[in-house]
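Engineer:
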Amino acid sequence: MAISGQIDRRELTNRYELRNRYVFTGQLVMKTALHIGGGKITLTSSDSPVVLTPEQQPFIPGSSFKGALRSTIEKIVPGLPGFSSCALTDLSENELEEAHKRGEKVCPTVRQSEIAQARRRDPAQAEHIMQEAIGDLCDTCLLFGSPFTAARLNVSDLYMPDEEWSGMVQVRDGVAIDRDTEKARDRLKYDFEVVPASAAFKLEILLENATKRDIQLLCVGLSEFVHGFGVVGGKRSRGLGVAQLEGLHVSALELYEEGVEQGKVSEEQRRQRMRDFLLRKTFSDQVDGLAFLTAYIESIFA
Ligand SMILES: [Zn+2]
Numbered sequence: 000m001a002i003s004g005q006i007d008r009r010e011l012t013n014r015y016e017l018r019n020r021y022v023f024t025g026q027l028v029m030k031t032a033l034h035i036g037g038g039k040i041t042l043t044s045s046d047s048p049v050v051l052t053p054e055q056q057p058f059i060p061g062s063s064f065k066g067a068l069r070s071t072i073e074k075i076v077p078g079l080p081g082f083s084s085c086a087l088t089d090l091s092e093n094e095l096e097e098a099h100k101r102g103e104k105v106c107p108t109v110r111q112s113e114i115a116q117a118r119r120r121d122p123a124q125a126e127h128i129m130q131e132a133i134g135d136l137c138d139t140c141l142l143f144g145s146p147f148t149a150a151r152l153n154v155s156d157l158y159m160p161d162e163e164w165s166g167m168v169q170v171r172d173g174v175a176i177d178r179d180t181e182k183a184r185d186r187l188k189y190d191f192e193v194v195p196a197s198a199a200f201k202l203e204i205l206l207e208n209a210t211k212r213d214i215q216l217l218c219v220g221l222s223e224f225v226h227g228f229g230v231v232g233g234k235r236s237r238g239l240g241v242a243q244l245e246g247l248h249v250s251a252l253e254l255y256e257e258g259v260e261q262g263k264v265s266e267e268q269r270r271q272r273m274r275d276f277l278l279r280k281t282f283s284d285q286v287d288g289l290a291f292l293t294a295y296i297e298s299i300f301a
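In numbering that gives the first Met the number 0, the protein residues as written are 0 to 301.
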């Protein structure tokens, strides 16, 4: 089974051509009710309605799922050999100073003001400072994007299959707790809408010009969702938003390197694959999602 793509990082920054493309598809099935606040004006009287499509069907914005996937991965990265994540947590000036003293690489996403100051102080070196910063990006910023680099991964909005939606949005009561007395405050009762458990949404993730590390990290995050440890949407502390990813499938178009073993693609194969893809949208490889996750997660610890 040939599954994968490995690109040298430096090579990647110099090339804008398409080197690989992966499409991950599956169904996200809610194990508990889901609340994703829309902030849009709707006809309901609820204090906090769920986000709806123009056809009045609940959906999960791709950015919402992407954020959930990112924080799922950030939580696990510290336990993975050779990976790093800034977890988007800004360091204080003192913490930064300590890290520099220890000679540690610090992801530029969490030291933006330091970089801005350095560039202002030395405008002639501004471009060099920027390039150096980009070289320090952590693994999750490279995959999910940061002010210093575009994301390699894109998540489409997640819609319900047509036959799926019964039209039922439930309303739940919430009570605001006074932080000082830890008692419910009378006038702070509110309600919010949820989509009931067992609702299903179609998931599609597009990954382009991915390194092996990008794929490994994505597989770690998706594996959490496959095993029911993923959570999406709001009010998670109330147990809402627990989701399970089912029927995961991976379509791969690999034009340069393939296989967790990083086999090279010959010039002739590359042309053939590109032609088939352009003419018929044929991917070079169709892989069962679970086999794909297993191969990549095992390769992290190999
Ligand atoms: Zn980062």
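Virtual Cβ for every residue (Gly too), placed ideally from N, Cα, C. Everything numeric in this text was worked out from a predicted model, so none of it was measured.
(1) Given that a residue counts as buried once 16 or more other Cβ atoms are within 10 Å of its Cβ, and exposed if not, what is residue 31?
(2) In terms of alpha-carbon separation, which member of 218, 67, 36, 49 lies closest to residue 294?
(3) Identify the continuous beta strand (DSSP E) that holds residue 242 and give its terminal residues.
(4) Which runs of the beta strand (DSSP E), 3 residues or longer, sit entirely within the stretch 45 to 77?
(5) Decide yes or no for the touch test of the stretch 18 to 34 against the stretch 246 to 260: beta carbon pairs closer than 8 Å, at least 3 of them.
(6) Quick check on DSSP: helix, strand or coil for residue 203?
(7) Of all residues in the structure, which have a C-beta closer than 5 Å to any heavy atom of ligand 1, taken in chain order?
(8) Residues in its own chain within less than 6 Å of residue 281 by CB, not counting five upstream and five downstream?
(9) So residue 311 packs on residue 61, CB below 8 Å; how close in whole Å?
(10) For residue 66 and residue 202, which I take to be in contact (beta-carbon distance under 8 Å), what is that distance rounded to the nearest angstrom?
(11) Residues in the same chain with beta-carbon distance under 6 Å from residue 287, minus the five sequence neighbours each way, listed in chain order, please.
(12) Give, in chain order, every unbroken run of the alpha helix (DSSP H) that is at least 4 residues long and sits entirely within the stretch 88 to 144.
(13) Going by other Cβ atoms of all chains shown within 10 Å of its Cβ, with 16 needed for buried, is residue 192 buried or exposed?
(14) Residue 301: which of 260, 197, 279, 277 sits nearest, CA to CA?
(15) Can you give me the C-alpha to C-alpha distance between residue 127 and residue 133, rounded to a whole angstrom?
(16) Excluding five sequence neighbours on each side, which residues of the same chain lie with their C-beta closer than 6 Å to the C-beta of residue 74?
(17) Rounded to whole angstroms, what's the CA-CA distance from residue 342 to residue 59? Just pull it up for me.
(18) Whose CA, out of 246, 154, 231, lies closest to the CA of residue 239?
(19) Check for me: the beta strand (DSSP E) holding residue 24 runs from which residue to which?
(20) For my contact list, residue 152 and residue 204 are in at a C-beta cut-off of 8 Å; report their separation, rounded to the angstrom.
(21) In whole angstroms, what is the alpha-carbon distance linking residue 57 and residue 194?
(22) Quick check on residue 0: does DSSP put it in helix, strand or coil?
(23) Can residue 82 and residue 135 be called in contact, C-beta distance under 8 Å?
(24) Between residue 247 and residue 28, what straight-line distance do the alpha-carbon atoms span, to the nearest angstrom?
(25) Do residue 88 and residue 223 count as a contact pair if the criterion is CB distance below 8 Å?
(26) So which of 225, 114, 249, 241 has the shortest CA-CA distance to residue 206?
(27) Which residues does DSSP list as the beta-bridge partners of residue 153?
(28) Once DSSP output is grouped into helix, strand and coil, what is the label at residue 173?
(29) Tell me which same chain residues have a C-beta within less than 7 Å of the C-beta of residue 144, skipping the five on either side of it?
(30) In angstroms, rounded to a whole number, what distance separates the CA positions of residue 104 and residue 64?
Structural biologist: Looking at the coordinates:
(1) Buried, because 16 or more other Cβ atoms sit within 10 Å of the Cβ of residue 31.
(2) 218
(3) 241 to 253
(4) none
(5) yes
(6) strand
(7) Listed along the chain, these residues meet the criterion: 85, 106, 108, 137, 140.
(8) Correct list, in chain order: 275.
(9) There is no way to answer for residue 311, as the model of the chain reaches only from 0 to 301.
(10) Not really, about 14 Å apart at Cβ, beyond 8 Å.
(11) none
(12) For the stretch 88 to 144, whole alpha helix (DSSP H) runs of length 4 or above, ordered along the chain, are 92 to 100, 111 to 120, 125 to 134, 138 to 143.
(13) Buried.
(14) That would be 260, whose Cα lies nearest to the Cα of residue 301.
(15) 10 Å
(16) Result list for residue 74: empty, nothing under 6 Å.
(17) Nothing can be reported for residue 342: it is not among the residues displayed for the chain, which extend from 0 to 301.
(18) 231
(19) Bounds of the beta strand (DSSP E) holding residue 24 are 19 to 29.
(20) Right, the Cβ-Cβ distance comes to about 6 Å (below 8 Å), so this counts as a contact.
(21) 7 Å
(22) Only weak support exists for where residue 0 lies, its pLDDT of 42 falling under 50; the coordinates are left without a value.
(23) No, they are not a contact pair.
(24) 12 Å
(25) no
(26) 249
(27) Bridge pairing for residue 153: 205 [DSSP].
(28) strand
(29) 150
(30) 29 Å
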